[in-house]
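First the structure, in the form of structure tokens, and then the observations on it.
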């Protein structure tokens, strides 16, 4: 399996800007503000604020009448250059929020999932692992990620990477509700199923306070070229 990199960008598409064309690669799009239409070779989808799309084909992004802020995850091979901006989109702005190398077990076939996790004030995700790696970004509130001997707080707009197999304890702030959006890679056998596994038996049996919303998940073909993000 090729060496892979997952990158998260934040894009600003100004009102009524010309279409933005993105090459084929496994990709999740989440609309933070505004709305746009994503047109692929065989389908089109209006993605409104708080919604997401996952696909692998090339896509054209048609922005609406207002500014749109987009969180865009792309899975590429290591040789693909980091994009300085959206292709052929001089009026748009793009910022690389985070990138991380991935090691995927080539004995599995994989899917890409984009979802959202919500916590009440002071909620906590008890010590757990996942079945694959991914990048999260805080939507609102604040979350603490305690893993591999390190502890770090993340506020709205800040992103972090999780290996998946490394245990994570994730308490949230007492002062407000917290939510994050994530894109991660999972074995195809987990389509439509939860990926979380609790490390301690007593945590597995405890009542859970977080709520999940899966926006979209798609099988991805890592045998195809993952292409370039820019």
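In this note's numbering, the protein residues as written are 634 to 863.
Where a beta carbon is used, it is the ideal one built from N, C-alpha and C, also for glycine.
Please read all numbers here as calculations on a predicted model, not as lab measurements.
Task: Cβ distance (whole Å) where residue 696 is taken to contact residue 646 below 8 Å - done: Translated into the one-based positions of the chain shown, residue 696 becomes position 63. Translated into the one-based positions of the chain shown, residue 646 becomes position 13. Confirmed, Cβ separation roughly 4 Å.
Task: First through last residue of the alpha helix (DSSP H) which encompasses residue 837 - done: For the purposes of this step, residue 837 is taken as the residue at position 204 of the chain shown. Start and end: 834-838.
Open item on the list: Along the chain, where does the beta strand (DSSP E) containing residue 680 start, and where does it finish?
Closed with: To locate residue 680, count along the chain shown from 1; it is residue 47. Unbroken beta strand (DSSP E) run through residue 680: 677-681.
Open item on the list: For a minimum of 3 consecutive residues, which ranges assigned as the beta strand (DSSP E) are wholly contained in the stretch 782-846?
Closed with: 783-788, 792-795, 801-804 and 811-820
Task: Separation of residue 768 from residue 838, as counted between CA atoms - done: Here the question's residue 838 lines up with position 205 in the chain shown. Here the question's residue 768 lines up with position 135 in the chain shown. Each residue's Cα considered, the two are about 27 Å apart.
- [ ] Using a threshold of 8 Å, state whether the C-beta atoms of residue 722 and residue 772 are closer than that.
- [x] Start at 1 with the first residue of the chain shown, and residue 722 comes out as number 89. Start at 1 with the first residue of the chain shown, and residue 772 comes out as number 139. Taking 8 Å as the Cβ cut-off, residue 722 and residue 772 do not qualify as a contacting pair.
Task: Own chain partners of residue 847 with C-beta closer than 7 Å, once the 5 adjacent residues on each side are dropped - done: Along the chain shown, read from residue 1 onward, the residue named residue 847 stands at position 214. Answer for residue 847: 746 and 748, listed in chain order.
- [ ] In the DSSP assignment, find the beta strand (DSSP E) that holds residue 754 and state where it starts and stops.
- [x] In the chain shown, residue 754 corresponds to position 121, counting from 1. No beta strand (DSSP E) contains residue 754, which DSSP labels as neither H nor E.
Open item on the list: Does residue 736 come out as helix, strand or coil in the three-state DSSP assignment?
Closed with: As a working mapping, residue 736 is identified with position 103 in the chain shown. Coil.
Task: Nearest to residue 694 (by Cα), restricted to the options 655, 732 and 754 - done: Locating residue 694 in the chain shown gives position 61, counting from the first residue. The shortest Cα separation from residue 694 among 655, 732 and 754 belongs to 655.
TODO: Taking residue 636 as part of the beta strand (DSSP E), name the residues at either end of that continuous run.
DONE: Counting from one through the chain shown, the residue named residue 636 turns up at place 3. No beta strand (DSSP E) contains residue 636, which DSSP labels as neither H nor E.
Open item on the list: Just to confirm the assignment, what range does the beta strand (DSSP E) spanning residue 666 have?
Closed with: Start at 1 with the first residue of the chain shown, and residue 666 comes out as number 33. Element bounds for residue 666: 660-666.
Open item on the list: Beta-carbon within less than 6 Å of residue 858's beta-carbon, same chain only, minus the 5 sequence neighbours each way: which residues are those?
Closed with: Position 225 of the chain shown, counted from the first residue, corresponds to residue 858. Confidence is the limiting factor: at residue 858 the pLDDT is only 49, short of 50, which leaves the residue's position unreliable, though a coordinate-based value still follows. Excluding positions up to five away in sequence, the list is empty.
- [ ] Starting from residue 767, follow the beta strand (DSSP E) in both directions and report where the run begins and ends.
- [x] Numbered from its first residue, the chain shown carries residue 767 at position 134. Its beta strand (DSSP E) spans residues 767-773.
- [ ] Count the other C-beta atoms from every protein chain shown that fall within 10 angstroms of the C-beta of residue 679, then say buried if there are 16 or more, exposed otherwise.
- [x] The residue given as residue 679 occupies position 46 in the chain shown. Answer is exposed; the Cβ neighbour count stays below 16.
Open item on the list: Please report the straight-line C-alpha distance between residue 665 and residue 834, rounded to a whole angstrom.
Closed with: As a working note, residue 665 is residue 32 in the chain shown. As a working note, residue 834 is residue 201 in the chain shown. Going from the Cα of residue 665 to the Cα of residue 834 covers about 37 Å.
Task: Closer than 7 Å: residue 751 CB and nearest the ligand FMN heavy atom - done: Ligands are entirely absent from the displayed structure, and the ligand FMN is therefore not among its contents.
Task: Which listed residue (670, 814 and 800) has its alpha carbon closest to that of residue 788 - done: As a position in the chain shown, residue 788 is number 155, starting the count at 1. Selected option, being the one with the closest Cα: 814.
Open item on the list: Quick check on residue 649: buried or exposed, where buried means 16 or more other Cβ atoms within 10 Å of its Cβ?
Closed with: Residue 649 sits at position 16 when you count from the first residue of the chain shown. So residue 649 counts as exposed.
- [ ] Count the CB pairs spanning the stretch 658-678 and the stretch 697-706 that are closer than 8 Å, and state whether there are at least three.
- [x] yes
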